[in-house]
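The next block holds one structure in the form of structure tokens; read it before the comments.
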Amino acid sequence: MAQTETSKYKLIIFDTTLRDGEQVGSPHSTTYHATRCTHAPLCNELTMVPGSLYRPWATFEGVRRIASEVGHLMEGREKIGKPVNVKGADMVVFSAHCHNDLGLATANSLAGIRNGARQIEGTINGIGERAGNAALEEIVMAVHTHPNVLPAHHELNIQQFYPLSRMVSELSELVVLPNKAIVGRNAFLHESGIHQDGVLKNRQTYEIMTPESVGVTEIALVLGKHSGRNALRNRGAEMGYTLDDTSMQKVFVRFKALCDKKKIVCDEEIRALFTSTLA
């Protein structure tokens, strides 16, 4: 059932990158704590609440939690949703803090939102102990792209996600996988001919969000063996080449021959194909 904006609650985003990022069991993440002060300004631009570094539980006597660290919900899945329906539940803020041991941190966090959690805890890029934590950028963009499904809305400046992801990756020395959702290098790349043709006509054909919406400013179609004639023609036009159909076919045949030798054809090689055909 569709949710009206007035019936939704504002989702509290609690960023635990500083705390959980320190607990990453990797020799490559030891420098993050020394440069953590640079993390806060971008959090402010996002309007997230940046979490603190790890502190003993005794310093947070006002915080009470009901949690299962490694139960991964299997033994109590039928109880999801019940705690927020008890008397007095409207007087407290239920928070979801999920780990990614089974690759379900984002899904479980969204389940928490659907069942009344008004605060979500997670980290940028999903960094954290063991298999990591829920990735904040994934949760927020799921809320952002499905406004009629989830009972919450956010007020974040989502254009800061990509630059913040790059910064966290650099400071933590933890590489973001190319196929990482939202902020991975390949998140908005298309190589297959039918996908490229669709994206050239309308990006929403295969994308549920624009690269620019999350702060990605430079994006280009990957030209390789799966690419079609229209994508190659478009790249040539961007370089200033306008060919008739006969000349374009010659370029395309040579392009395909080059693709048999290498997976990706770079711009310099594409420029050479067009130039030599026009010569």
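Residue numbers (UniProt numbering): 1 to 279. Every residue gets a Cβ at the ideal spot worked out from N, C-alpha and C, and that includes glycine.
Check, Outcome
"Beta-carbon gap between V251 and L232 smaller than 8 Å", "yes"
"Local conformation of T123 per DSSP, three classes", "strand"
"Contacting residues, own chain, Cβ-Cβ under 6 Å from D20 (five flanking each side not counted)", "T123, G128, N133"
"Spatially closest choice to R166 from D260, E137, N100, by CA coordinates", "E137"
"With 16 other Cβ atoms within 10 Å as the buried cut-off, status of A142", "buried"
"Complete alpha helix (DSSP H) runs within the stretch 141 to 193 (minimum length 4 residues, chain order)", "161 to 172"
"Presumed contact (8 Å Cβ cut-off) between Q119 and I12, rounded CB distance", "4 Å"
"Within 8 Å, strictly: CB atoms of V216 and T17", "no"
"Under the three-state DSSP convention, the category I13 falls into", "strand"
"Secondary structure of N115, DSSP reduced to three states", "coil"
"DSSP three-state assignment for G103, whether helix, strand or coil", "coil"
"Best match in A105, M248, I270, G236 for proximity to L258 [C-alpha to C-alpha]", "I270"
"Status (buried if at least 16 other CB within 10 Å, exposed otherwise) for E121", "buried"
"Straight-line Cα distance separating E238 from G103", "40 Å"
"Rounded separation between H99 and T106 - CA only", "9 Å"
"Option nearest S227 by Cα separation, candidates N115, V265, A89", "V265"
"Within 8 Å, strictly: CB atoms of V222 and L189", "yes"
"Separation of N179 from G116, as counted between CA atoms", "31 Å"
"N- and C-terminal bounds of the alpha helix (DSSP H) containing S247", "245 to 259"
"Where V253 falls, given that 16 or more other Cβ within 10 Å makes a residue buried", "exposed"
"Reference R130; option with closest CA among D101, Q249, L243, L278", "D101"
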